[in-house]
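So the sequence shown is numbered by the UniProt record's numbering: it starts at 1 and just counts up by one.
Backbone N, C-alpha and C define an ideal beta-carbon position, used for all residues, glycine too.
Remarks on the structure that follows.
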Amino acid sequence: MNRRNLAMLFWKRDGDYICSALFASSLAKRLAENASAEAFMNEQTALWESSRQYEDLAYSVMTELYLNDRKHARQLLVTEVKRYNSTTIFEITEKFTLMNFMGHAACQTKLNKIWKGQMKGDTSNLKAIAFAVTLLPILKWDIMKLDKTAKRAKVTQSESLGTKGQENNTTCSQFVPNWMRKIYYFYNAPLIKFLFSVLTYLAMLVAFSMFVLTDLHPTEEKFPSIYEYIVYAWAASSLTEEIRQAIAMKHFQSFEWRQLTLNAMTWFSFWTLFELMMYCMFIMSVILRFTLSAVDFHNARMMYAVTLGTFIINSMQFFLVSKQIGPKVIMIGRMMFDVIFFILIFAVFLFGFGVIYQATMYPNTEPGFPLFQNLVYMPYWQLYGELFLEQFYGALPDDCTENVELYSNGTMDRCPLRNQINTFVLAVYMVVTHIILVNLLIAMFSHTFTKVQDNNELVWKFHRFSLIQEYYDRSSLVPPFLILSHLKIFLLYIKNRCTGKRKNKFKITETDAENEKLAILEKDAVYSHLNSSTRLRRRRARNMDAEKDGFEASYEKDTDLSLQEQINVLSSDVDLILKTVKQIMETKQNVLIVEVPRDYILQCIPVQKDTYETWEEEKPVAFLSIVGGTNQYLPNETIKNQLKNGLQEIMETTRIWIKTDGENTSVGKIVEEFAKEEKNLTHATHLGQSDYVLEACITDHLKVPIIMIIIGGDENSFVTAMTYLKMNYPVLVLEGSGRAADFICKGYRLSTFRTSEDKCVLSDTFISEMAEAAKYIYGFNQEERISEKVNCDKLANKLKRALGDKMEICMYHL
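This is how it looks when you write it as structure tokens:
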């Protein structure tokens, strides 16, 4: 169990890669939840880690697919996967609470498109709200987008009818005028449904408050008002809608009661239970309203008042649609569970001290409900500062008595007995409750706030799926007219059950040709993911742009990498550079270009050593010649120290020597500083940059390859690189480090076509393009130009000759 390497092997040879990775993550997550016994703690930790890795794998593949083809990436999310019981990626993500994947830009942009329906992406929420209350602007302003072809119109209409639509040659939608279709699609969008749901709910609250506050009388005195009947109709239709949604839930259709039990503590289950309690209270209020007499009618009034309060509190869930307020509402729901645990702890102290008070101040009390009430009354209110000191010190009121007959029959209250231990008990109780328990509750709230605040946007993105799906399934009609919509839905359900055809925007059955196309795109994304480095994947994730249509603007780019992530990525680059050097020596490639982001550090090279004359130990496996310009590559001391540790480890494990240009700037300065700090180094010396004869002697005598590494560099670095190439020395260029390195890489990219003789084919404009590029590449910024002593045309010609002479050129992407 939990064999990750074997699972990855099968995953690479399987299809439906994203769905398979999410299913594996869900399976590992479920196994981790079941492995809660102490004997399986190690297995539980490993399973949680596997679940996270599989989810990250699906996230990375989706990122690659989304960068290549956003339309099909979003389409893949709602396409049925027959191998997994015709489920979808969205369904697996929502069912097993895979929040990280649900927060992907592809998922959120797809949800936003469903949320706005057929409205254009750049339509703001305020504009949609303004157009919702007035019909005329919809006809005047083109905010709706209709399908351009009859086929797409046919498919869209079939979605609203719940059928596939591909089999019919004509549909009714082809004969409906465009302005009518615009109105239908506009008011059928989940965003507009939500708006009208909020407005009708507020109107119901106004009507509810009007008759409860001003016109609630017993039936013997006055019949119910029109406001009360409006509330009855609204509540009845809303209750039937809740029942319809419960029946339509997949959990109920498949009778997965165990899944319902596992998700009973989730936030939306909390709202479901709250609404169930609210409707039960309303039904009870109506029963009491028509059954109680005028004498006991105050109980019905009390029930109505409490029910109205629950209806008002229930309106808070409408804030969940807001990105700013929604996470705060979720946070309040999480804190409610903290209050429940606090009450359980507080109840122990409450009854403990309440028994002491009752036994010492009111001994021999008759059993009954008043006894239980007296047990909790005094200690509960003492929590809020009502100490009842007059009863503790014997200051008896005038309306109490110690006569058993008088306080037994309820004529007068019983006087408390004074006991000195009660004062001490009160002091202990106040310390326990006010200092320990209250601060415990504050600490629990702080922990919940911090935990939710750290990933509040991710939590909100996940719960947004359920909200959009709920209003997508709702009718465009509002209570109390929902009964008409329910009749239509029931007839369509019977039709779909008979024909076996069902389709909506959350679950689409594609043709075999379309599924094959999606499979090819997904496979290409997997290949791209497996052949790209950690650094490049993270850079792509950060720079992944979403469409500028309202909600997508919030997913314009991810946050920057943290310091620890930068260190981890740089450590990964060290390993990749070593593999690159090894490939150079094995395949004897002449020029190797490694692409890395411009905003990161590239000094992943080991430490320097002396020449062969004084060296009597084991020969090195390679001799690295580091060349760089005057740019500052290390942003802070933390990464610099981390790189030095990596360089030392590489030097000790690979036996690689290093040579610098001897200058006290940039790369040479970093290497020299490390050489001075490392006490185990011997025979440290500087080799001049132009000492090619000495390097040739090293190569001939020790039979050790010399590899030049260019990190940035100026015009002299470029000339040195050309000299190395003429001497058949391999050159490793770190693209993105600027100046000479980027100049060489740009020239290489312009010479990707080769003849049958394996020669470079350069365009006629190569010289002019490279000369112009040199003016900008060699500058520290765009205002600074290359120095006058360097001839750009000469540099371009040298690069052209070098590329034309060298046949074996390979490019690696970090």
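Could you name each continuous alpha helix (DSSP H) segment of 4 residues or more that falls completely within the region 406-449, going from the start of the chain to the end? Taking 4 residues as the shortest admissible run, the region 406-449 contains the following complete alpha helix (DSSP H) segments, listed from N- to C-terminal end: 420-430.
Are three or more beta carbon pairs between the region 110-129 and the region 51-71 nearer than 8 Å? The region 110-129 makes no contact with the region 51-71, as fewer than three CB pairs between them are under 8 Å.
Give me whichever residues DSSP pairs with C400 in a beta bridge. According to DSSP, which records beta bridges pairwise, C400 is partnered with D413.
With 16 other Cβ atoms within 10 Å as the buried cut-off, status of A246: Flag for A246 reads exposed.
Would you please state the rounded distance, in angstroms, between the beta carbons of A519 and V61? I believe it to be under 8 Å. Going by Cβ atoms, the distance from A519 to V61 rounds to 13 Å, so no, they are not a contact pair.
Collapsed DSSP secondary structure at V621 in the structure displayed: Correct three-state label for V621: coil.
Have a look at V329 and M316 and give me their C-alpha separation to the nearest angstrom. Our two residues, V329 and M316, have alpha carbons roughly 7 Å apart in a direct line.
Three or more C-beta pairs below 8 Å linking the region 107-116 and the region 69-79: Under the Cβ criterion (8 Å, minimum of three pairs), the region 107-116 counts as touching the region 69-79.
Taking just the CA atoms, how far does N299 sit from L458? Going by the C-alpha atoms only, they are around 45 Å apart.
Can you tell me whether N42 is buried or exposed? The criterion is at least 16 other CB atoms within 10 Å of its CB, across all chains shown. The residue is exposed, with fewer than 16 neighbouring Cβ atoms inside 10 Å.
Note down, in chain order, each residue of its chain lying with its Cβ closer than 7 Å to the Cβ of G15, except the 5 sequence neighbours on either side. Scanning its chain for C-beta atoms nearer than 7 Å, with the 5 sequence neighbours on each side dropped, one finds around G15 the residues A519, in chain order.
Looking at C-alpha atoms only, which residue of F211, R244, E220 and T307 is the closest neighbour of Y229? For Y229, the nearest C-alpha among the options comes from F211.
Assuming V133 is part of the alpha helix (DSSP H), what are its boundary residues? From DSSP, the alpha helix (DSSP H) with V133 extends over N125 to V133.
Ordered along the chain, which non-local residues of its own chain (more than five positions away) have a Cβ less than 6 Å from that of M444? If we look at M444 and ignore the five residues flanking it on each side, its Cβ neighbours are D338.
Through-space distance from F743 to A773, alpha-carbon basis: Between A773 and F743, the C-alpha separation is close to 7 Å.
Just grab the DSSP bridge partners of I508 for me. Looking at the DSSP output, I508 shares a beta bridge with T79.
Relative to the alpha-carbon of F311, which residue among H463, T87 and M277 has its alpha-carbon at the smallest distance? Considering only alpha carbons, the answer is M277.
Run through DSSP, which three-state label would I325 get? Secondary structure of I325 (DSSP, three-state): coil.
In DSSP terms, what T87 is bridged to: T87 is bridged by DSSP to V81.
Look up W657 in the DSSP assignment and give the residues it is bridged to. The beta-bridge partner set that DSSP reports for W657 consists of F623.
Assign G410 to buried or exposed, taking buried as 16 or more other Cβ atoms, counted over all protein chains shown, within 10 Å of its Cβ. It is exposed - the Cβ of G410 has fewer than 16 other Cβ atoms within 10 Å.
Is it right to say Q420 is buried, meaning 16 or more other beta carbons lie within 10 angstroms of its own, or is it exposed? Per the 10 Å Cβ criterion, exposed.
By Cβ distance below 6 Å, which residues in the same chain neighbour E94 in space, the five residues on each side in sequence not counted? Once the five neighbours on either side are set aside, the close Cβ partners of E94 are F465.
State the Cα-Cα distance for the pair L725 and V731, rounded to the nearest angstrom. Answer to the nearest angstrom: the Cα atoms are 7 Å apart.
Could you have a look at E522 and say whether DSSP puts it in helix, strand or coil? If DSSP states are grouped into helix, strand and coil, E522 belongs with the helices.
Inter-stretch contact at 8 Å, needing at least 3 Cβ pairs: the region 478-487 / the region 121-130: No contact exists between the region 478-487 and the region 121-130.
Let's test the definition: count the other Cβ atoms within 10 Å of the Cβ of Y600 and tell me whether it reaches 16, buried, or not, exposed. Because Y600 sits at a pLDDT of 31, beneath the cut-off of 50, its placement in the model cannot be relied upon, and the following sentence gives the value as read from the coordinates. With 16 or more other Cβ atoms inside 10 Å of its own Cβ, Y600 counts as buried.
State the Cα-Cα distance for the pair G368 and V438, rounded to the nearest angstrom. Computed Cα separation, rounded: 31 Å.
Option in V425, F449 and M412 with minimal Cα separation from R334: Looking at the Cα atoms, F449 is the closest of the given residues.
Among L387, G354 and L216, nearest to Q373 - alpha-carbon criterion: Minimum Cα distance to Q373 is reached at G354.
Under 8 Å between the Cβ atoms of E522 and L27? The criterion of a C-beta distance shorter than 8 Å is not satisfied by E522 and L27.
Taking the continuous alpha helix (DSSP H) assigned at P379, which residues delimit it? Counting along the chain, the alpha helix (DSSP H) containing P379 begins and ends at F369 to Q382.
Going straight from the alpha carbon of P363 to that of Q382, what length do you get? Pairing P363 with Q382, the inter-Cα distance amounts to about 21 Å.
Which stretch, first to last residue, makes up the alpha helix (DSSP H) that contains K461? Taken as a continuous stretch (DSSP letters only), the alpha helix (DSSP H) holding K461 covers N456 to D473.
Alpha carbons only, please: which of G747, H463 and E510 is nearest the one belonging to H72? H72 has its Cα closest to that of E510, out of G747, H463 and E510.
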